[in-house]
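Engineer: Encoded as structure tokens, here's the structure I'll be asking about.
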Amino acid sequence: MRPMSDAVNIDLPLITYALPQDPMAKRTMIRAIERLSGSARLQRAYRAVSAEDWERRVVWDHALAHLDITLRHDPNALHAVPDEGPLIIIANHPFGVVDGLALCSLAARLRAEHQALVHSALCREERLNKYLLPIEFEPTRAAQQRSIESRRQALALLHRGGALVFFPAAAISTATPPFGRAVDWEWNPLLGRLIHMSRATVLPVYFYGQNSLLFQVASAINPTLRLSLVLREVRRAMGKPVEMEVGTPVPYAQMAAIKSRSELTRHLRDVTHGLARRQ
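Its first residue numbered 368, the sequence shown is counted upward by one per residue in our numbering.
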């Protein structure tokens, strides 16, 4: 792994889950915990990635390299994916950021045009606008409208034959009780809707592992505390491999008969979790 350079623009957007529209107390709490959790090192990695030539190498691979994270999966599994046509890449969501980088890296290998539906806090770098579609979680009309627009753009991408990265659970997998095994939240039937409207092929991916016990305990205490620790989980993942199973692509013809969006979504959740080896 190359040394991280600080000789870049210091005005780059900060890596943080604190949003400008959040109440001051919430922003202060999130930023304080993120700083204590090692966000400075992530910021250095972010600056190093921003200084790279994104035209010569996919940005996701730059990010994984600077975080010293390797992806472990059967590379031959990607050969079964059709070379053309709409593609939706789905997965369980155990980590929050690292699994997103991993799926985006796969998407870039499969389609020149690819985008991901992600938390709006990750959409501050203008050069990433062509890759990221922000999803808002604030209960305001403006936030809802922005999320609707992102879904519209996702469908347009699929109609152009691009690849969409989508975590149907939206929230990071959580262990209840905290000492147990983390499981996905309920999957959003938006997945079924996008599939039927685009007739896309679906590529299921399963990630092994889960976030730390501290994250699980925080999740049981307070949602802001939980959010504050997401970057700590990225810091913990640095220098470690990400184990994943890439499944067999599911063509639309195999899903067309499942008319209910919710039923199709539940079916694909079962397919995805079924990729896991006995643990």
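C-beta: ideal position from N, C-alpha, C; glycine also. These numbers come from a predicted model, not from an experiment.
Since VAL638 and PRO544 should fall inside the 8 Å C-beta cutoff, what is the C-beta to C-beta distance between them, to a whole number of angstroms?
Structural biologist: Counted from its first residue, the sequence shown places residue 638 at position 271. Counted from its first residue, the sequence shown places residue 544 at position 177. 28 Å between Cβ atoms; not a contact.
Engineer: Just to confirm my understanding: we take ILE502, look at its own chain, exclude 5 residues before and 5 after, and list those with CB closer than 8 Å. What are they?
Structural biologist: Numbered from 1 along the sequence shown, position 135 holds the residue referred to as residue 502. Correct list, in chain order: LEU484, VAL485, HIS486, SER487, SER514, SER517, ALA537.
Engineer: Are there 16 or more other CB atoms within 10 angstroms of the CB of PRO449, so buried, or fewer, so exposed?
Structural biologist: Here residue 449 corresponds to residue number 82 of the sequence shown, with the count starting at 1. When all chains shown are included, PRO449 counts as exposed.
Engineer: Assuming contact is defined by CB atoms lying nearer than 9 Å, are LEU477 and ILE456 in contact in what I supplied?
Structural biologist: Counting from 1 along the sequence shown, the entry for residue 477 is found at position 110. Counting from 1 along the sequence shown, the entry for residue 456 is found at position 89. Result yes, Cβ atoms of LEU477 and ILE456 sit closer than 9 Å.
Engineer: Identify whether GLY413 lies in helix, strand or coil by the three-state DSSP scheme.
Structural biologist: Translated into positions along the sequence shown, residue 413 becomes position 46. Inspection of the sequence shows that residue 413 is occupied by Tyr rather than by Gly. Helix at TYR413.
Engineer: Would you mind giving the Cβ-Cβ distance between SER540 and PRO461, rounded to the nearest angstrom? I have them listed as a contact below 8 Å.
Structural biologist: Counting from one through the sequence shown, the residue named residue 540 turns up at place 173. Counting from one through the sequence shown, the residue named residue 461 turns up at place 94. At roughly 4 Å, the Cβ-Cβ gap stays under 8 Å, so SER540 and PRO461 are in contact.
Engineer: With three or more beta-carbon pairs closer than 8 Å as the criterion, would you say the region 609 to 621 touches the region 434 to 454?
Structural biologist: Contact holds: three or more Cβ-Cβ distances are below 8 Å.
Engineer: Considering only the alpha carbon of each residue, which of ARG398, VAL569, LYS626, LEU473 lies closest to TRP427?
Structural biologist: Counting from 1 along the sequence shown, the entry for residue 427 is found at position 60. The option with the nearest alpha carbon to TRP427 is LEU473.
Engineer: From which residue to which residue does the beta strand (DSSP E) around MET622 run?
Structural biologist: For the purposes of this step, residue 622 is taken as the residue at position 255 of the sequence shown. MET622 -> no beta strand (DSSP E), and no H or E assigned at all.
Engineer: May I ask you to list the residues that DSSP assigns as paired with PRO608?
Structural biologist: For the purposes of this step, residue 608 is taken as the residue at position 241 of the sequence shown. BP columns for PRO608 point to THR437.
Engineer: So, with DSSP's three-state summary, where would you put ILE377?
Structural biologist: Locating residue 377 in the sequence shown gives position 10, counting from the first residue. Any reading at ILE377 is ruled out, since the residue's pLDDT is 34, under 50, leaving its predicted position unreliable.
Engineer: Near GLN511, what residues of its chain come up, given a Cβ to Cβ distance below 6 Å and the 5 sequence neighbours on each side ignored?
Structural biologist: Taking the sequence shown and counting its residues from 1, the one referred to as residue 511 is at position 144. Excluding positions up to five away in sequence, the list is empty.
Engineer: How big is the Cα-Cα spacing for ALA447 and VAL617?
Structural biologist: For the purposes of this step, residue 447 is identified with residue 80 of the sequence shown, where counting begins at 1. For the purposes of this step, residue 617 is identified with residue 250 of the sequence shown, where counting begins at 1. Straight-line Cα distance between these residues: approximately 10 Å.
Engineer: Exposed or buried, what is ARG593 when buried is set at 16 or more other beta-carbons lying within 10 Å of its beta-carbon?
Structural biologist: Reading the sequence shown from its first residue, position 226 is the one you call residue 593. So ARG593 ends up on the buried side.
Engineer: Out of GLN577, ARG566, ALA623, PHE546, state which residue places its alpha-carbon closest to the alpha-carbon of ASP466.
Structural biologist: Indexing the sequence shown from 1 puts residue 466 at position 99. Among GLN577, ARG566, ALA623, PHE546, the Cα nearest to that of ASP466 is on GLN577.
Engineer: Just the C-alpha distance for TRP552 and PHE534, rounded to the nearest angstrom, thanks.
Structural biologist: Here the question's residue 552 lines up with position 185 in the sequence shown. Here the question's residue 534 lines up with position 167 in the sequence shown. Roughly 10 Å separates the two Cα atoms.
Engineer: Where does the unbroken alpha helix (DSSP H) through PRO469 begin, and where does it stop?
Structural biologist: By 1-based counting over the sequence shown, the position of residue 469 is 102. First, the residue type needs correcting, since residue 469 is Ala and not Pro in the sequence shown. That run of the alpha helix (DSSP H) goes 465 to 477.
Engineer: Do you know whose CA, among TYR575, VAL550, ARG527, PRO556, lies nearest SER565's CA?
Structural biologist: The residue labelled residue 565 in the question sits at position 198 within the sequence shown. Answer by Cα proximity: ARG527.
Engineer: Quick one: complete beta strand (DSSP E) runs, 3+ long, within the region 522 to 570?
Structural biologist: Complete beta strand (DSSP E) runs here, min 3: 530 to 533.
Engineer: Is DSSP giving PRO501 helix, strand or coil here?
Structural biologist: In the sequence shown, residue 501 corresponds to position 134, counting from 1. The answer is strand: DSSP assigns PRO501 an E or B state.
Engineer: For LEU531 and ARG628, what's the separation of their Cα atoms in angstroms?
Structural biologist: Within the sequence shown, numbered from 1, the residue matching residue 531 stands at position 164. Within the sequence shown, numbered from 1, the residue matching residue 628 stands at position 261. About 18 Å.
Engineer: Enumerate in chain order the residues of its own chain whose CB-to-CB distance from THR591 is below 7 Å, with the five nearest sequence positions on each side excluded.
Structural biologist: Within the sequence shown, the letter at position 224 stands for residue 591. Cβ neighbours of THR591 beyond the five flanking positions: LYS393, MET396, ILE397.
Engineer: Which two residues bound the contiguous beta strand (DSSP E) that contains ALA458?
Structural biologist: Here residue 458 is taken as the residue at index 91 of the sequence shown, counted from 1. Its beta strand (DSSP E) spans residues 454 to 458.
Engineer: Taking buried to mean at least 16 other C-beta atoms within 10 Å of its own C-beta, is ASN459 buried or exposed?
Structural biologist: Taking the first residue of the sequence shown as position 1, residue 459 is located at position 92. ASN459 should be labelled buried.
Engineer: Could you pull out every residue in the same chain whose Cβ sits closer than 7 Å to the Cβ of LEU631, ignoring the five residues on either side in sequence?
Structural biologist: Residue numbering aside, residue 631 sits at position 264 when the sequence shown is read from its first letter. Cβ neighbours of LEU631 beyond the five flanking positions: GLY559, ILE562, MET622, ILE625.
Engineer: Span of the beta strand (DSSP E) holding ALA643?
Structural biologist: The residue you call residue 643 lines up with position 276 of the sequence shown. No beta strand (DSSP E) contains ALA643, which DSSP labels as neither H nor E.
Engineer: Determine the contact status of GLU600 and VAL464, defining contact as a CB-CB distance below 9 Å.
Structural biologist: Position 233 of the sequence shown holds residue 600. Position 97 of the sequence shown holds residue 464. Against a cut-off of 9 Å, the Cβ pair of VAL464 and GLU600 comes out as a contact.
Engineer: Going along the chain, which residues of its own chain have a beta-carbon closer than 8 Å to the beta-carbon of GLU419, five neighbours each way excluded?
Structural biologist: Residue numbering aside, residue 419 sits at position 52 when the sequence shown is read from its first letter. Excluding residues within five positions, the ones whose Cβ falls inside 8 Å are VAL426, HIS429.
Engineer: To the nearest angstrom, how far is it from the Cα of VAL375 to the Cα of ARG603?
Structural biologist: Residue numbering aside, residue 375 sits at position 8 when the sequence shown is read from its first letter. Residue numbering aside, residue 603 sits at position 236 when the sequence shown is read from its first letter. Note that VAL375 scores a pLDDT of 33, beneath 50, so its modelled location is shaky; the value from the coordinates is reported in the next line. The straight-line gap from Cα to Cα measures roughly 25 Å.
Engineer: What is the DSSP secondary structure of GLN577, counted as helix, strand or coil?
Structural biologist: Within the sequence shown, residue 577 is the residue found at index 210, counting from 1. Residue state, collapsed to three classes: coil.
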